[in-house]
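Below: the structure, in structure tokens.
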Amino acid sequence: MYLADQWQDYQLIDAGEGEKLERWGGYVIQRPDPQAIWPRGSWPAPDACYHRSNSGGGSWQIKHPVPHAWSVGYDSPAGRLTFSLELMGFKHTGLFPEQAANWDFCIKLIQNAVRSGRFVRVLNLFAYTGAASVACAAAGAEEVVHLDASKNMNARARENLQLSGHATKNVRLISDDALKFVAREQRRGRKYDAIIMDPPAYGRGPSGELWKIESDLYSLVAQCMRLLSSQPLFFLINAYATALAPTVLGNVLDLLLCPAYGGTASAEELCLPASARRILLPCGATGRWVP
Ligand SMILES: C[S@@+](CC[C@H](N)C(=O)[O-])C[C@H]1O[C@@H](n2cnc3c(N)ncnc32)[C@H](O)[C@@H]1O
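In the working numbering, the protein residues as written are 1 to 291.
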């Protein structure tokens, strides 16, 4: 299991009855979580609560004043990373706290490589608000290519780079379809030492290109193989909100990376520990390949 248990500013307080209660800096929010099938304890009233609507989506109920935007910091092995938060649609806040376990993984490998004098280039696909891009830049990557279909998400990624003091780092924010971009990078002959991807189960590119993880993931990873440098550092696939078990991600990496580069592929659930009682909340799966 990969456990995101180094947070100070964020805390999963408890979960149960299809809901989770979290502290984000100074604010407590309650959101649905289908994995939390057990009874819940007695919870204090949150500052904000997300209610699903029967017609899909949902809305936030504000119980105590919550700022339009606020931020949390994460003390990573590459120093403090700061991320902007907001009560967004689809119960999002603009950050996936469980990903901290993956940020730490990337940071440590990049720092080791940089210390040994390597020039590290990272490709981050489906990069959302850029937390992993900020982490890789903070770790010393010479170049991070951050790709997401959404211009809004890239704007938030720029804000997170600024908040974290890495606005001048070489991070290219690109709004495009992941499959299309990878094909273009192949034609350009560009190479990367590390690739990160966190695709949704279902998504659309800027021009409506359809993404379905079950049918597209394997071929995307296979296409990404041609972008890897001769000595790749790592390859990370995260999958959330899908029925794909961790082993599936491990198999994809094992089938594609190991024959070409040796090394090992591993895959685990990504979890957040609760503070109120001894439960772990599963938040998806991560596959990792290292040489
Ligand atoms: C929820 S995020 C992933 C979370 C992110 N890796 C993180 O931890 O911060 C999924 C992202 O995929 C993007 N997306 C969906 N379909 C896409 C496509 N075909 N090409 C590129 N990005 C896409 C969405 O805009 C969204 O920002």
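We put the beta carbon where it would ideally sit given N, CA and C, even for glycine. On a predicted model such as this, the values are computed, not experimentally measured, just so you know.
{"Check": "So which residues touch the region around ligand 1, with touch meaning a C-beta under 5 Å from any heavy atom?", "Outcome": "96, 99, 126, 128, 131, 148, 149, 150, 153, 177, 178, 198, 200, 203, 205 and 211"}
{"Check": "For residue 104, which of helix, strand or coil comes out of DSSP?", "Outcome": "helix"}
{"Check": "Report the partner residues of residue 40 according to the DSSP bridge assignment.", "Outcome": "DSSP, once it has assigned bridges, lists no residue as partnering residue 40."}
{"Check": "Below 6 Å CB to CB, which residues in the same chain sit around residue 238 once its five sequence neighbours on both sides are set aside?", "Outcome": "198 and 286"}
{"Check": "Pull up the DSSP beta-bridge partners for residue 188, would you.", "Outcome": "For residue 188, which the question treats as bridged, DSSP gives no partner whatsoever."}
{"Check": "When burial is assigned at 16 or more other CB atoms within 10 Å of the CB, is residue 51 buried or exposed?", "Outcome": "exposed"}
{"Check": "Ignore the nearest five residues each way along the sequence and tell me which others in residue 254's own chain have a CB closer than 6 Å to its CB.", "Outcome": "265"}
{"Check": "Which residue from 226, 97, 201 and 10 puts its Cα closest to that of residue 190?", "Outcome": "226"}
{"Check": "In this structure, how does DSSP classify residue 256 when only helix, strand and coil are distinguished?", "Outcome": "helix"}
{"Check": "I'd like the span of the alpha helix (DSSP H) that includes residue 266, first residue to last.", "Outcome": "Careful: residue 266 lies outside any alpha helix (DSSP H), inside the beta strand (DSSP E) at 264-273."}
{"Check": "Using a Cβ-Cβ distance under 8 Å, would residue 278 count as near chain C?", "Outcome": "Protein chain content of the structure displayed is limited to a single chain, and chain C is not contained in it."}
{"Check": "Are the stretch 154-174 and the stretch 125-136 touching by the rule of at least three beta carbon pairs closer than 8 Å?", "Outcome": "yes"}
{"Check": "Taking only the alpha-carbon atoms, compute the straight-line gap between residue 262 and residue 235 and give it to the nearest angstrom.", "Outcome": "13 Å"}
{"Check": "So is residue 151 buried or exposed if we call it buried at 16+ other beta carbons inside 10 Å?", "Outcome": "exposed"}
{"Check": "In three-state DSSP terms, what is residue 55?", "Outcome": "coil"}
{"Check": "Kindly list the residues whose CB is nearer than 7 Å to the CB of residue 206, restricted to its own chain and excluding five residues on each side of it in sequence; keep chain order.", "Outcome": "149, 175, 176 and 177"}
{"Check": "Mapping the DSSP letters down to three states, classify residue 143 as helix, strand or coil.", "Outcome": "strand"}
{"Check": "Below 6 Å CB to CB, which residues in the same chain sit around residue 125 once its five sequence neighbours on both sides are set aside?", "Outcome": "147, 178 and 197"}
{"Check": "With distances taken from CA atoms, which of 5, 246, 119 and 229 is nearest residue 74?", "Outcome": "5"}
{"Check": "What would DSSP say about residue 150, mapped onto helix, strand or coil?", "Outcome": "coil"}
{"Check": "Cα separation between residue 37 and residue 282?", "Outcome": "12 Å"}
{"Check": "Label residue 61 either buried or exposed according to how many other C-beta atoms from any shown protein chain fall within 10 Å of its C-beta, with 16 as the threshold for buried.", "Outcome": "exposed"}
{"Check": "Output the boundary residues of the beta strand (DSSP E) element that contains residue 197.", "Outcome": "194-197"}
{"Check": "Have a look at the DSSP bridge pairing and note the partners of residue 178.", "Outcome": "BP columns for residue 178 are empty, so no partner."}
{"Check": "Could you give the first and the last residue of the continuous beta strand (DSSP E) run that contains residue 233?", "Outcome": "No beta strand (DSSP E) contains residue 233, which DSSP labels as neither H nor E."}
{"Check": "Please work out which residues of its chain come closer than 7 Å, Cβ to Cβ, to residue 242, disregarding the five sequence neighbours upstream and downstream, and give them in chain order.", "Outcome": "201 and 213"}
{"Check": "Taking DSSP's pairing of strands, which residues face residue 115 in a bridge?", "Outcome": "BP columns for residue 115 are empty, so no partner."}
{"Check": "Between which two residues does the beta strand (DSSP E) holding residue 14 run?", "Outcome": "10-16"}
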